[in-house]
Amino acid sequence: MRRPGGTAPGPQASVPGGSVRGGSVRDGSVRDGVTLGVDVGGTHLRVLAARGDGARGGVHDIPVPRSTDALVDAITELGLEAAGGAPVRSVAVGLPGWTTASVPRWVPNLPFLDGAPLAAAVGERLGTTCTLLNDAQATLLAERSEGVLRGRTAAVLVALGTGIGGAVLLDGRIVRGHRGCAGSFGWLPVGETAADHQHGGWEQNASGAALEAAGRPWGGAEGLVAAARRGDDAATAVIQRFGTLLGRGTAALASLFDPEVIVVAGGLSDALDLLRGPTLRAHAAYASPAGRDVPVVRAALGPGAGVVGALRAATEPEVLR
Numbered sequence: 001m002r003r004p005g006g007t008a009p010g011p012q013a014s015v016p017g018g019s020v021r022g023g024s025v026r027d028g029s030v031r032d033g034v035t036l037g038v039d040v041g042g043t044h045l046r047v048l049a050a051r052g053d054g055a056r057g058g059v060h061d062i063p064v065p066r067s068t069d070a071l072v073d074a075i076t077e078l079g080l081e082a083a084g085g086a087p088v089r090s091v092a093v094g095l096p097g098w099t100t101a102s103v104p105r106w107v108p109n110l111p112f113l114d115g116a117p118l119a120a121a122v123g124e125r126l127g128t129t130c131t132l133l134n135d136a137q138a139t140l141l142a143e144r145s146e147g148v149l150r151g152r153t154a155a156v157l158v159a160l161g162t163g164i165g166g167a168v169l170l171d172g173r174i175v176r177g178h179r180g181c182a183g184s185f186g187w188l189p190v191g192e193t194a195a196d197h198q199h200g201g202w203e204q205n206a207s208g209a210a211l212e213a214a215g216r217p218w219g220g221a222e223g224l225v226a227a228a229r230r231g232d233d234a235a236t237a238v239i240q241r242f243g244t245l246l247g248r249g250t251a252a253l254a255s256l257f258d259p260e261v262i263v264v265a266g267g268l269s270d271a272l273d274l275l276r277g278p279t280l281r282a283h284a285a286y287a288s289p290a291g292r293d294v295p296v297v298r299a300a301l302g303p304g305a306g307v308v309g310a311l312r313a314a315t316e317p318e319v320l321r
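In UniProt numbering, the protein residues as written are 1 to 321.
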């Protein structure tokens with residue numbers, strides 16, 4: 001089957017928690033319908049369906065369409081295909097940016113979505129309710145159900161990639177905030193470079209983009225990390241400084257939210273073993289007395305976490321405040 005924009009379907013990726021063999025959940029009882037999780041990334045659109053008994057189909061994965069109408073068409077088509085003919089009970093859509101439960105407000109990689117009535121459009125097409133959440137919130141929900149946060153009711157997730165985002169879990173529920181943008185941790189006033197109108201202080205100083213810039217003498221962030229692993233003194237000093245900035249931010253989060261644990265997810269979490277020492281030292285030095293021993297750990301789930309978390313939000317909408 002061809003997709004909107006002429007793209008062919010991508011491979012069905014595996015996801016944490018296992019899956020039903022094949023692309024849909026048509027096998028078995030579907031009398032109660034299915035729920036759909038949708039992960040809209042900067043480049044990939046992923047859809048995952050689950051039956052009432054928790055059994056899942058495979059992940060449907062295609063490039064993200066470049067207009068709102070095309071995106072709604074693709075979510076509808078993939079969602080119906082994933083449902084395998086079963087009625088859709090609910091759907092949740094994760095987005096890479098600031099969103100309310102119904103309308104995206106600021107999605108830098110997909111600016112055509114800003115202000116679009118996305119939840120209403122998807123819900124109408126699929127004949128069900130639809131809610132929106134950001135990708136960090138979805139990742140936190142996935143870690144809570146199948147990763148390092150199982151059994152936790154109070155946690156903070158720091159999404160450390162090109163930028164810095166995050167999410168907060170308190171009393172077992174995701175905190176959205178008044179405008180839907182709780183967890184915008186990149187705006188913490190951490191580091192020497194000040195915020196501008198699009199990037200906060202912590203993001204300016206401790207994000208993947210910041211590490212990429214600092215790593216230019218080594219060919220970028222990847223080369224910097226590799227040099228530090230070889231024992232290069234100059235590269236190690238950069239990593240130490242970066243880890244200190246990371247720890248100052250986690251210290252603030254531990255003091256503000258009193259979590260059981262802070263989880264670091266995203267592409268740069270792969271370097272957390274190098275960052276761990278300076279991060280934990282700075283965390284202990286800057287956190288409140290109660291926050292100094294809050295663990296800072298790496299997320300357990302990979303790129304598939306977003307669609308799993310969106311599915312969890314569709315299955316248990318009460319977890320979203």
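Beta carbons: idealized from backbone N, C-alpha and C, even for Gly.
{"Check": "Reference residue 292, options 256, 69, 270, 103, closest by Cα", "Outcome": "256"}
{"Check": "Same chain only: Cβ atoms within 6 Å of residue 145, ignoring 5 sequence neighbours per side", "Outcome": "312"}
{"Check": "Three-state class that DSSP yields for residue 278 in the structure shown", "Outcome": "helix"}
{"Check": "For residue 132, the nearest candidate out of 112, 180, 86, 160 (CA to CA)", "Outcome": "180"}
{"Check": "Short Cβ contact (9 Å threshold) for residue 69 with residue 96", "Outcome": "no"}
{"Check": "Complete runs of the beta strand (DSSP E) confined to the stretch 96-149 [at least 3 residues]", "Outcome": "104-106, 129-134"}
{"Check": "Terminal residues of the alpha helix (DSSP H) in which residue 169 lies", "Outcome": "Premise fails: residue 169 lies in the beta strand (DSSP E), 164-170, not in any alpha helix (DSSP H)."}
{"Check": "Opening and closing residue of the alpha helix (DSSP H) in which residue 309 lies", "Outcome": "305-315"}
{"Check": "Helix, strand or coil at residue 177 according to DSSP, with G and I counted as helix", "Outcome": "coil"}
{"Check": "Best match in 39, 173, 191, 258 for proximity to residue 202 [C-alpha to C-alpha]", "Outcome": "191"}
{"Check": "beta-carbon residue 271 near the ligand COA non-hydrogen atom, thresh 8 Å", "Outcome": "Among the ligands in the structure shown, none appear at all, so the ligand COA cannot be discussed."}
{"Check": "Helix, strand or coil at residue 234 [DSSP, three-state]", "Outcome": "helix"}
{"Check": "Extent of the continuous alpha helix (DSSP H) to which residue 206 belongs", "Outcome": "201-206"}
{"Check": "Endpoints, the beta strand (DSSP E) within which residue 37 is located", "Outcome": "34-40"}
{"Check": "Beta-carbon gap between residue 115 and residue 105 smaller than 9 Å", "Outcome": "yes"}
{"Check": "Contact under 9 Å by Cβ, residue 57 with residue 50", "Outcome": "yes"}
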